[in-house]
Amino acid sequence: MTRRSIVVSSCAGLLLSTAPTTHAERPIGNTEIAATSSAELPHFRPTRREAERELERALLGLPSADSLAAVHEMVSSRPHVAGTAGDRAVIDKLATSYERLGLEVERHEFWAYLPRPVAAELAVVAPEYIELPLVERPVEGDPHVAHPETTFGWNAYSADGDVTASVVYANYGRREDFARLEELGIPVEGRIVLARYGEIFRGHKAKFASAAGAAGLLLFNDPEQTAYARGLMYPEGGWANDSYIQRGSILVLPYSGDPLTPFEAATRDAERLDPADVALPSIPVQPVGWGAAGEIFRRMTGPAVPEEWQGALPYNYRLSGGDELRLRLRVDQAASLVRTENVVGTLRGARHPDQLVIVGSHHDAWSFGAGDPNAGTIVVYELARAFSELARRGWRPDRSLVFANWGAEEFGIIGSVEWVEAHRRALGAGAVAYINLDGAAMGPNFGASAAPLLKQLVLDVAAAVPALSGQGSLLETWRRRTDSEGGEPPIGDLGGGSDHVGFYCHLGIPSAGLSARGSSGVSYHSNYETLAWYRQVVGDDYRPAILLARVVGLMVARLANADLLPLSFERYGSDLARHARTLAERPAIEDDPAIRDLIERGERFAERAGALRLELAARLDQGVLSDGQIERVNSVLLALERAWVDPDGLPGRPWFRNLFAATDEDAGYSAWMLPRLRWALERQGEPIAVATAAYDRVLDELERRLDGIDEILAPTGDDR
Numbered sequence: 042m043t044r045r046s047i048v049v050s051s052c053a054g055l056l057l058s059t060a061p062t063t064h065a066e067r068p069i070g071n072t073e074i075a076a077t078s079s080a081e082l083p084h085f086r087p088t089r090r091e092a093e094r095e096l097e098r099a100l101l102g103l104p105s106a107d108s109l110a111a112v113h114e115m116v117s118s119r120p121h122v123a124g125t126a127g128d129r130a131v132i133d134k135l136a137t138s139y140e141r142l143g144l145e146v147e148r149h150e151f152w153a154y155l156p157r158p159v160a161a162e163l164a165v166v167a168p169e170y171i172e173l174p175l176v177e178r179p180v181e182g183d184p185h186v187a188h189p190e191t192t193f194g195w196n197a198y199s200a201d202g203d204v205t206a207s208v209v210y211a212n213y214g215r216r217e218d219f220a221r222l223e224e225l226g227i228p229v230e231g232r233i234v235l236a237r238y239g240e241i242f243r244g245h246k247a248k249f250a251s252a253a254g255a256a257g258l259l260l261f262n263d264p265e266q267t268a269y270a271r272g273l274m275y276p277e278g279g280w281a282n283d284s285y286i287q288r289g290s291i292l293v294l295p296y297s298g299d300p301l302t303p304f305e306a307a308t309r310d311a312e313r314l315d316p317a318d319v320a321l322p323s324i325p326v327q328p329v330g331w332g333a334a335g336e337i338f339r340r341m342t343g344p345a346v347p348e349e350w351q352g353a354l355p356y357n358y359r360l361s362g363g364d365e366l367r368l369r370l371r372v373d374q375a376a377s378l379v380r381t382e383n384v385v386g387t388l389r390g391a392r393h394p395d396q397l398v399i400v401g402s403h404h405d406a407w408s409f410g411a412g413d414p415n416a417g418t419i420v421v422y423e424l425a426r427a428f429s430e431l432a433r434r435g436w437r438p439d440r441s442l443v444f445a446n447w448g449a450e451e452f453g454i455i456g457s458v459e460w461v462e463a464h465r466r467a468l469g470a471g472a473v474a475y476i477n478l479d480g481a482a483m484g485p486n487f488g489a490s491a492a493p494l495l496k497q498l499v500l501d502v503a504a505a506v507p508a509l510s511g512q513g514s515l516l517e518t519w520r521r522r523t524d525s526e527g528g529e530p531p532i533g534d535l536g537g538g539s540d541h542v543g544f545y546c547h548l549g550i551p552s553a554g555l556s557a558r559g560s561s562g563v564s565y566h567s568n569y570e571t572l573a574w575y576r577q578v579v580g581d582d583y584r585p586a587i588l589l590a591r592v593v594g595l596m597v598a599r600l601a602n603a604d605l606l607p608l609s610f611e612r613y614g615s616d617l618a619r620h621a622r623t624l625a626e627r628p629a630i631e632d633d634p635a636i637r638d639l640i641e642r643g644e645r646f647a648e649r650a651g652a653l654r655l656e657l658a659a660r661l662d663q664g665v666l667s668d669g670q671i672e673r674v675n676s677v678l679l680a681l682e683r684a685w686v687d688p689d690g691l692p693g694r695p696w697f698r699n700l701f702a703a704t705d706e707d708a709g710y711s712a713w714m715l716p717r718l719r720w721a722l723e724r725q726g727e728p729i730a731v732a733t734a735a736y737d738r739v740l741d742e743l744e745r746r747l748d749g750i751d752e753i754l755a756p757t758g759d760d761r
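Quick note: to get my numbering, add 41 to the position in the sequence shown (first position is 1).
Written out as structure tokens, the structure reads:
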């Protein structure tokens, strides 16, 4: 049987009807792909569970390698940097494809301040002259690499400059690395810094180099993490050859989105900041391949580096270049307001159309983007296709499903933030959850990061999805791989770095990021991130993408259709206690009474909320919850995450309003959990007691909302 015939037969049990019905009213036919266990579905009324099981069996069979491959071709065959002709072509194709699926399509236009590369040069000018390459060389068997629209490597928002100076090596370019250079007596002022990618966001490397007085910055991927130290290099294998260059933005601001319109949607006529008043990068920054970095290292004659700073290039790494070695770095970029779009397709819900379950990945890329973002873009589209196929046969979700492809994410998480800011009121009232799939399908190893509300749902769905091997469930293989047999596999905490930030950190919408990774190679943000690389290294059978489509499909179905929203609110207390306990391990505050009290309150809340969630499930199972009670409980559950939102935001970062999680101020990608408390500890900006008082207020509000659920369940309550 072909994959295409599976798609048709999996919905054979659907009655064709001109009038859409809710999934409670009409069961979905069986498919050849079955869940590994009979889901208990405690958030559904008993009378609706079999219909949900049939729907989920159908969803497990719908993802198609043929469909995924076709969409991958559509969005990855041309470079499509945000705002370029290639970007517009991808937007048009996605919008047209969603329209053909029968979705309501929004082409959300925004105007962002984006740079373009004009020119760049890098050369060793003394003791000899050697021009160093700034573009990947073509490779045999991958014609896309030589596409006429590819560019040399660049870091967006670099300052313009033409600098000739000596060189200093700064390891990963972290704050502590520059402090170590100062400790070791190595001057940075007026020098060009060479630093390797990794550990922190590249923009923070530029920020710390500038603060140390550097005249310029060069960034490279060390072979220790990305090249021959890991395996065979492209095109023979998948790892980075010497000309691989990682592009990327270096924008670091106390907010995400368009740099000129914080808090406001970046419409064409929006009031904007003057770029001169925005803390854009102040030094020229240029990414290079490890081959070019090696040409610099082998000429450096300064003191040897600390042992942990040595990488895998076949030279002794040095702290400085010595008296004779001098480099010339020239960077020229042009920034302007650039028009691009988000493409958002909606399948309207039958019972609660204003409640939204959102799945997204960005569509812009630094070149072809076959991995980042399109290994996620294809999963978003495949989910839209699967649910649209079911809708065509008469099924409708209870809540609305939103399938989003964001623009200009690579420049600073811009498109999704602009959409969030433009739809702030509707999202604040009705967004149930956001699931992010940025470059997600990159290997066999499933992983997830999530807000506390969504963690149990991830585990429940993983138990119902077959493992890629066909042996047991995904949850079982996930446990084995992570050495968590008999327990819970690790689910990470959401930080920065992708499109969940606007939803989660700004509006307080519970979010999750799902992925399948672990392939033997890297092409991230380079001209080698092509279909040929992806199919050679990740695979042409699209099994990771099929796995993710199944997992997210079931998550979306349960979020959209459950009578009681499947949100594990007791985890607020247990996760708060866990994070506070981690902070309390610091010697200076390990006996702080305010933090001890916060831990105890978190544990008590977890105990009470867990018991209440079990009571809700029991009453639903017994059929003693009325429609009115369910609707009122769900209103409380929808508002729970918003309890963490402080309208004034974090100190120094008012755009980040979620007191539970924010991006790390010094790293960008990672998370600061309980960020106001973390800020008080690391920046000494306010007393610990003041910070913990803010969390006491959140817990007070959460407990009031649990009181509200108790009142709804009380016998005297109006349960009509």
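C-beta atoms are modelled at their ideal positions from N, C-alpha and C, and glycine is treated no differently.
Computed from a predicted structure; not experimentally measured.
Under DSSP, A167 takes part in a beta bridge, and its partners are R367. With a 10 Å radius around the Cβ and a threshold of 16 neighbouring Cβ atoms, R466 comes out exposed. When beta bridges are read from the DSSP output, P328 appears opposite L260. For A153, the three-state secondary structure derived from DSSP is strand.
Residue environment analysis places R627 among the exposed positions, since fewer than 16 neighbouring C-beta atoms fall within 10 angstroms of its C-beta.
For N415, the enclosing alpha helix (DSSP H) has its first and last residue at 415 to 433. In this structure, A406 is the residue among G614, A406, A635, N699 with its C-alpha nearest to the C-alpha of P120. At a Cβ-Cβ threshold of 8 Å, G453 and S564 do not count as neighbours.
Taking the CA atoms as reference points, W696 sits about 30 Å from R129.
In the three-state scheme derived from DSSP, where H, G and I count as helix and E and B as strand, A334 is classed as helix. Distances from the CA of T191 to each of V234, E150, S118 were compared; the closest alpha carbon is that of S118. Along the length of the region 262 to 293, whole alpha helix (DSSP H) runs at least 4 residues long occupy 264 to 267, reported in chain order. In the three-state reduction of the DSSP assignment, S552 falls in the strand class, which pools E and B. Minimum Cα-Cα distance from R90 among the listed residues A164, R599, D479 corresponds to R599. G239 is bridged by DSSP to I241. Judged by pairs of C-beta atoms under 8 Å, the region 245 to 263 touches the region 327 to 335, as three or more such pairs exist.
Rounded to the nearest angstrom, the Cβ distance from L691 to P728 is 16 Å, too far for a contact under 8 Å.
In this structure, P530 is the residue among R221, P530, A353, P87 with its C-alpha nearest to the C-alpha of R520.
DSSP places T191 outside both helix and strand once states are collapsed to three, so it counts as coil.
Our two residues, D632 and L653, have alpha carbons roughly 32 Å apart in a direct line. Residue environment: L555 is assigned as buried (16 or more neighbouring CB atoms within 10 Å of its CB, all protein chains considered). Around the beta carbon of V665, fewer than 16 other beta carbons sit within 10 angstroms, so the residue counts as exposed. Annotation: the continuous alpha helix (DSSP H) that includes V112 extends over 106 to 117.
Close CB contacts of L321 within its chain, under the 8 Å cut and outside five residues either way in sequence, are with Y198, A200, L292, P300 (chain order).
With a cut-off of 8 Å on Cβ pairs, the region 570 to 579 is not in contact with the region 708 to 727, counting fewer than three such pairs. I587 counts as buried, since at least 16 other C-beta atoms from the protein chains shown sit within 10 angstroms of its C-beta.
Every alpha helix (DSSP H) stretch that sits fully inside the region 483 to 507 and reaches 4 residues is listed by chain position as 493 to 505.
Take the alpha-carbon of P83 and the one of V499: they are about 15 Å apart.
Taking G412 as the centre and dropping the five residues before and after it, the same chain places the C-beta of G480, M483, S564, Y565, E570, Y575 closer than 7 Å to its C-beta, in chain order.
Looking at the backbone, the Cα of R215 and that of P325 are separated by about 18 Å. By the beta-carbon neighbour count (other beta carbons within 10 angstroms, threshold 16), T302 is buried. Put simply, the region 673 to 691 does not touch the region 202 to 216. Fewer than three CB pairs are less than 8 Å apart. Rounded to the nearest angstrom, the gap between the Cα atoms of A658 and A647 is 16 Å. In this structure, the CA atom of F610 is about 13 Å from the CA atom of W685. Sorting S251, Q670, A161 by C-alpha distance to the C-alpha of A375 places A161 at the top.
Of the other Cβ atoms in all chains shown, 16 or more fall within 10 Å of the Cβ of F701; this residue is therefore buried.
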